[in-house]
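**Student:**
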Amino acid sequence: MLHSLLTQDHVEAYQKNGAVLIKGLLKDYISSVRRGIDINMTEPGPYAAENLKTGDTGRFFDDYCNWNRIPDFEEVIRKSPMAEVAAGLMLSQSVQVFHDHVLVKEPGTSKATPWHQDEPYYFVEGHQNVSFWIPMDPVKEASLRCVAGSHLWEKPVLPTRWLSEEDFYAGEDIYMPVPDPDAEEMRILEWEMEPGDAVAFHYKTLHGARGNQALSRRRAFSIRLLGDDARYVERPGPTSPPYPGHAMKPGERLREDWFPVIYRNPVL
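Going by our numbering, the first residue of the sequence shown is number 3, and it counts up by one from there.
Structure (structure tokens):
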């Protein structure tokens, strides 16, 4: 049985398009997430970045892998409905935490989030996965933008470094160049959203976001979750996040002491 926030239409849209809007996923946890983001920005982790070059305006902060040191984030991950909703969207019997990601664009930020797929950066593969992108402020033009059906493309998109714009894996021909979805008139999904709403999207879905030219902040909290078929895989170079010393081997499930299971189908 699906969680009350989900319908069969949500599941079918996710499987077909690689992205779907879930209204009110974290509507009861907005204060907790906002508090966690404040802590994260005040006390950044080792992967925190400021993604602006000389001449860019505003501020674009991002950081990830902080949920197990920020109690507010852990509470949301373990107690909110996101795990059960994720299981329904992925058609999975279990849900594992991969990592969290905070992305903040202050008012007047010119920098766009580049078009990219997430999976080529990661050391995990499998069809059963989902990211939730959840704004903590109302968003219009600065909302997440997803290319419908791109999670089914045969060839992955080459990952790049957001600030330097260099190729993440130089010299690799297994990837396709980053496309320009607007110029190529691809079908782009985007929604006006309220705090607590969530875009659920597949790790292989091509996505990006405009800069934030609004007069208000755009704080977004993202959680990456894994399903039954997720397995560790090696990439042509260092992955992001790197998780040094993980000791996993290709084909293994991700170790549960680092990537805990937060949902199992109670019927089984």
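A virtual CB, placed ideally from N, CA and C, is assigned to each residue, including glycine.
Remember, it's a predicted structure, so these values are computed and weren't measured experimentally.
Return the residue from the list P73, N19, I24 that minimises the CA-CA distance to H5.
**Tutor:** Taking the sequence shown and counting its residues from 1, the one referred to as residue 5 is at position 3. The shortest Cα separation from H5 among P73, N19, I24 belongs to I24.
**Student:** Answer yes or no: the CB of E168 versus the heavy atoms of the ligand FAD, is any distance below 7 angstroms?
**Tutor:** Here there are no bound small molecules, and the ligand FAD is not part of this structure.
**Student:** Below 8 angstroms, how does it come out for the region 47-56 and the region 222-233: are there three or more Cβ pairs, yes or no?
**Tutor:** Output reads no: the region 222-233 does not touch the region 47-56.
**Student:** Could you tell me how far apart the beta carbons of A211 and A21 are, in whole angstroms, since I believe they sit closer than 8 angstroms?
**Tutor:** Looking up residue 211 in the sequence shown gives position 209. Looking up residue 21 in the sequence shown gives position 19. That belief does not hold up - the Cβ atoms of A211 and A21 are roughly 13 angstroms apart, past 8 angstroms.
**Student:** Looking at C-beta atoms only, is the number of pairs between the region 122-133 and the region 86-101 that lie closer than 8 angstroms three or more?
**Tutor:** Output reads yes: the region 86-101 touches the region 122-133.
**Student:** Considering S152, what are the terminal residues of the beta strand (DSSP E) in which it resides?
**Tutor:** If you number the sequence shown from 1, residue 152 lands on position 150. Per DSSP, S152 belongs to no beta strand (DSSP E) and is neither H nor E.
**Student:** Report the three-state DSSP secondary structure of P116 (helix, strand or coil).
**Tutor:** Taking the first residue of the sequence shown as 1, we reach residue 116 at position 114. Note: P116 maps to strand in three-state DSSP.
**Student:** Short check: CB of L217 to CB of P140, under 8 angstroms?
**Tutor:** Residue 217 sits at position 215 when you count from the first residue of the sequence shown. Residue 140 sits at position 138 when you count from the first residue of the sequence shown. Result no, Cβ atoms of L217 and P140 do not sit closer than 8 angstroms.
**Student:** Please specify which runs of the beta strand (DSSP E), each continuous and at least 3 residues long, are wholly inside the region 191-266, giving them in chain order.
**Tutor:** Correct list: 200-203, 209-211, 220-228, 263-266.
**Student:** Round the Cβ separation of F63 and W69 to the nearest angstrom and send it over; I've been treating them as touching at under 8 angstroms.
**Tutor:** Reading the sequence shown from its first residue, position 61 is the one you call residue 63. Reading the sequence shown from its first residue, position 67 is the one you call residue 69. Between W69 and F63 the Cβ distance is about 17 angstroms, and since that is not below 8 angstroms, they are no contact.
**Student:** Any idea which residues DSSP pairs F62 with across the strands?
**Tutor:** Numbered from its first residue, the sequence shown carries residue 62 at position 60. DSSP output for F62 lists K107 as bridge partner(s).
**Student:** Can you grab the Cα-Cα spacing for the pair L191 / G60, in whole Å?
**Tutor:** Taking the first residue of the sequence shown as 1, we reach residue 191 at position 189. Taking the first residue of the sequence shown as 1, we reach residue 60 at position 58. Approximately 26 angstroms between the Cα atoms of the pair.
**Student:** In chain order, what residues of the same chain have a beta carbon less than 6 angstroms from the beta carbon of H204, not counting five sequence neighbours either side?
**Tutor:** Numbered from 1 along the sequence shown, position 202 holds the residue referred to as residue 204. Result list for H204: G20, H153, in chain order.
**Student:** Looking only at its chain, what residues have a beta carbon closer than 6 angstroms to the beta carbon of P183, apart from the 5 residues adjacent to it on each side?
**Tutor:** Position 181 of the sequence shown holds residue 183. Counting only Cβ-Cβ distances below 6 angstroms, and skipping sequence neighbours, we find V149, I190.
**Student:** Where S112 and S34 are concerned, what is the direct C-alpha to C-alpha distance, given to the nearest angstrom?
**Tutor:** Position 110 of the sequence shown, counted from the start, is the residue given in the question as residue 112. Position 32 of the sequence shown, counted from the start, is the residue given in the question as residue 34. S112 and S34: Cα-Cα distance of roughly 28 angstroms.
**Student:** Looking only at its chain, what residues have a beta carbon closer than 8 angstroms to the beta carbon of P158, apart from the 5 residues adjacent to it on each side?
**Tutor:** Locating residue 158 in the sequence shown gives position 156, counting from the first residue. These residues qualify, in order along the chain: Q119, E121, P122, I176, Y177, M178, K206.
**Student:** Report the rounded CA-to-CA distance for T162 versus L93, giving the unit in angstroms.
**Tutor:** Translated into the one-based positions of the sequence shown, residue 162 becomes position 160. Translated into the one-based positions of the sequence shown, residue 93 becomes position 91. One C-alpha to the other measures close to 30 angstroms.
**Student:** Out of curiosity, what's the CA-to-CA distance linking I41 and Y31?
**Tutor:** Numbered from 1 along the sequence shown, position 39 holds the residue referred to as residue 41. Numbered from 1 along the sequence shown, position 29 holds the residue referred to as residue 31. Those two C-alpha atoms are separated by around 16 angstroms.
**Student:** Do E254 and R233 have their CB atoms nearer than 8 angstroms?
**Tutor:** Stepping through the sequence shown from its first residue, residue 254 is reached at position 252. Stepping through the sequence shown from its first residue, residue 233 is reached at position 231. Closer than 8 angstroms, so yes.
**Student:** With a CB to CB cut of under 8 angstroms and the five nearest residues on each side skipped, what residues in its chain are close to G151?
**Tutor:** In the sequence shown, counting from the first residue as 1, residue 151 sits at position 149. The answer, listed in chain order, is K18, N19, G20, R189.
**Student:** Near D169, which residues of its chain fall below 7 angstroms by C-beta distance, leaving aside the five closest residues on each side in sequence?
**Tutor:** For the purposes of this step, residue 169 is taken as the residue at position 167 of the sequence shown. Correct list, in chain order: L160, T162.
**Student:** Grouping DSSP H, G and I as helix and E and B as strand, with all else coil, what is L160?
**Tutor:** One-based indexing of the sequence shown puts residue 160 at position 158. In this structure, L160 counts as coil in the three-state DSSP scheme.
**Student:** Can you give me the start and stop residues for the alpha helix (DSSP H) that I24 sits inside?
**Tutor:** As a working mapping, residue 24 is identified with position 22 in the sequence shown. Counting along the chain, I24 falls outside any alpha helix (DSSP H), though it belongs to the beta strand (DSSP E) covering 21-24.
**Student:** Need the endpoints of the beta strand (DSSP E) that P137 sits in, please.
**Tutor:** Position 135 of the sequence shown, counting from 1, holds the residue named residue 137. 131-137 is the span of the beta strand (DSSP E), which, as asked, contains P137.
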